Structures are given as C-alpha cells and as structure tokens.
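Line order of the protein sequences matches chains A and B.
Quick note: the first sequence uses the numbering used here, first residue 37, plus one each step.
Quick note: the second sequence uses the numbering used here, first residue 37, plus one each step.
Here's the structure, in structure tokens; my notes come after.
Protein chains: 2
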Amino acid sequence: MDDAQSTIILKPIGIVRSEIKPPPAERRDWWKGIVSEIVIDSSLTEALDGLEGFSHIIVLYWMHQAASGKLPLKVHPMDRTEVPRQGLFAVRTPNRPNRIGKATVRLLQRQGNILRIEGLDALDGSPVIDIKPYLPGYDSVADAKVPQWITN
Amino acid sequence: MDDAQSTIILKPIGIVRSEIKPPPAERRDWWKGIVSEIVIDSSLTEALDGLEGFSHIIVLYWMHQAASGKLPLKVHPMDRTEVPRQGLFAVRTPNRPNRIGKATVRLLQRQGNILRIEGLDALDGSPVIDIKPYLPGYDSVADAKVPQWITN
C-alpha cells in the first residue's frame, strides 16, 4: 500500500458563508431549507461557467470543526444510544479520518464567484474543496437498500 | 477567506485494486459492471463494521493520474468538441484543483478490511480517502434538472 501511505495536500477553492455558526444541536435534518453561500476564489470564477444549467450540485467541503486526532472506530449513529455502535465508515459522522463532507444541494443562483444554495449542512467558514454537477444517472441509485436503523 | 487559504492534509485510508490500470480510452460508462476491490488499512478494519447493511456506498478517492499544475478553467465535456466549453466545476473531469473523485457503487461483499464493489471508475492504485454509506433520502434528488448537453 505504498500509494496509500503518502499524504495528499488539498488547497481549498472557496469557503462557506452560512448563518449556521456553532455546531447545531443534535437534530436530524437541521440543514433542510437552510440557504447559504459558497464564495469561490475569484481566480476560479470562470470554472463555474455552465453550472447554472444544473438544479443541484455536489459540494465537497472540509468539516473544520469536527474532531481530529485519535477517533473511536465505532459510534452510536447520531448519538442514538438505542442503536448498536456502527463503524465510522457505516455512518455519516463528521469525525472521520479525513473530515470531508459530501452534500447534494439545490443551486438557487450563481452570481460571478458566489453560489447561493439550499440545504448545505456545513458550518460557516467551512473550506470548500470541490464543486461537481449532480448527475442523476451517475449519482443516484434506484434500488438502494439501507439497514433498518436508518429508517426507524 | 483566511480559512480557505490554508492547506489541508489528507492521509489515505486504503487503496483501489482494479484491473483498470491505464486511463481507459474515452468511452462513456466504461466503469459499469467493473468489479474491483478497496483494501482498507488494517488498523481501520473495525470502522467498516455495519457497512454490510448497505447495498451501495460512496467512495471518495484521489485521482492520482489526473493532470496537476495549471489547469484550463473551461473544457469540452468528455472531449466532446461539439459541446461548448464548460467550467471545470460544471463537468466531472478528473483534472480539477483538488483531484477527488466521488463514486456511488454497489457493495458486493465486505470481508475484513476488503470491500468488493461494482461500478467504481477509479484506476488501479488510486488512494481511497473516505467511505460513506449511501443514503437515498440524503444523497439523491427526485427532481434534478441537467443541461441539454448531458442527455444528448
């Protein structure tokens, strides 16, 4: 695993501007309906051209307020202690070896280097790593199965 | 944009083992049906517990063979010269400021620290950055719109 042992360096392409500043109280779906902005580095403005044609985009961002250092490998999903501990790769906890968040959000408006979006679960000040167009045929699955604890 | 100007360091959690070694010839959907493996660092094996309950997972990986350095900000999507150049954030080209690929794949089997998967568009040796469970209600959009050049 030589390749995997080397480190990778990212340079943020922008930043999240949101009214959500502290980590919100534990509540499912708190981000629904939240409108926020992504400010892309102005040197990359042109790289957003054409994004307006998509209703939804995928945002990869750095969960800068998540825990770092040594992490528990198994956790109760969303602090639901009635659910047995799951491996951290089986849940969406921000406390991960590489704290990258992946959100699919509605693109309300693009104005120059600013994207106005709805439904982003990132805190104010989160560095943005990548923006990708959401492609239904590639990014969604028609027949996906999830364990029972997800839907309970 | 103070936060955005700092760099972020990732440490791969594993590596892709695939029969796809050179970048494949330009063809849409070449990865469909491809079965490959992700070998997770053995210190993180326990963090995969519970992933078996999901039919699909999201893989974030480093596109190590993509171009680096100074990139064109606009490109013809998939080298389709009949389509006007689009900003690189409006297409899924691997040649991006941060070369992170995001794929949704079927999880065929988990055996210890090895995930056997179908439909990953990563080349052999790609460092893996994160594994997340695919959550239909969070990761898919029912009414997403895309520009006409996508479907033509």
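Using N, Cα and C, we set each Cβ at its ideal position, and we do this for glycine too.
All values reported here derive from a predicted model rather than from experimental measurement.
When the Cα atoms are used, what is the spatial distance from Glu82(B) to Leu171(A)? 32 Å
Helix, strand or coil at Glu118(B) [DSSP, three-state]: coil
Look up Ile93(B) in the DSSP assignment and give the residues it is bridged to. Val141(B), Pro169(B)
Along chain A, which residues have their Cβ under 7 Å away from the Cβ of Tyr170(B)? Val177, Ala180
Tell me the rounded alpha-carbon separation between Val119(B) and Lys110(B). 12 Å
Using 8 Å as the limit for Cβ to Cβ distance, is Gly123(A) near chain B? yes
Residue range of the unbroken alpha helix (DSSP H) whose run includes Ile186(A): Boundaries of the alpha helix (DSSP H) harbouring Ile186(A): 184-187, taken from the DSSP string.
Quick one: what does DSSP say Leu109(A) is sitting in, helix, strand or coil? coil
Please decide whether Ile186(B) counts as near chain A, where near means a Cβ-Cβ distance under 8 Å. yes
Beta carbon of Thr43(B), beta carbon of Ile45(A): below 8 Å? Taking 8 Å as the Cβ cut-off, Thr43(B) and Ile45(A) qualify as a contacting pair.
Against chain B: residues of the segment 85-103 of chain A by CB proximity under 9 Å: Asp85, Gly86, Leu87, Glu88, Gly89, Phe90, Ser91, His92, Ile93, Ile94, Leu96, Trp98, His100
Determine the contact status of Arg135(B) and Met99(B), defining contact as a CB-CB distance below 8 Å. In contact: Arg135(B) and Met99(B) (Cβ atoms closer than 8 Å).
Let me know the secondary structure DSSP gives Leu80(A) once reduced to three states. helix
Trp67(B) - partner residues in DSSP beta bridges: In the DSSP output, where bridge partners are listed per residue, Trp67(B) has none listed.
With 16 other Cβ atoms within 10 Å as the buried cut-off, status of Thr187(B): Exposed, by the Cβ-count rule.
Distance between beta carbons of Ile51(B) and Ile70(B), contact taken as under 8 Å: Not a contact, Cβ separation roughly 16 Å.
Leaving out the 5 sequence neighbours to the left and right, which residues in its chain are closer than 6 Å to Ala139(B) when beta-carbon positions are compared? Val95, Leu156, Asp157
Proximity test, Cβ basis, 8 Å: Asn149(A) and chain B: no
Beta bridge counterpart(s) of Gly50(B) as assigned by DSSP: Ile76(B), Val164(B)
Which residues in the same chain have their Cβ closer than 7 Å to the Cβ of Val141(A), if we skip the five residues on either side of it in sequence? His92, Ile93, Val95, Ile153, Glu154, Gly155, Leu156
With which residues is Leu151(A) paired in a DSSP beta bridge? According to DSSP, Leu151(A) shares a beta bridge with Ile74(A), Arg146(A).
Nearest-angstrom Cα distance between Gln101(A) and Ser78(A)? Going by the C-alpha atoms only, they are around 25 Å apart.
Does Leu80(B) come within less than 8 Å of chain A when only Cβ atoms are used? The beta carbon of Leu80(B) sits closer than 8 Å to some beta carbon of chain A.
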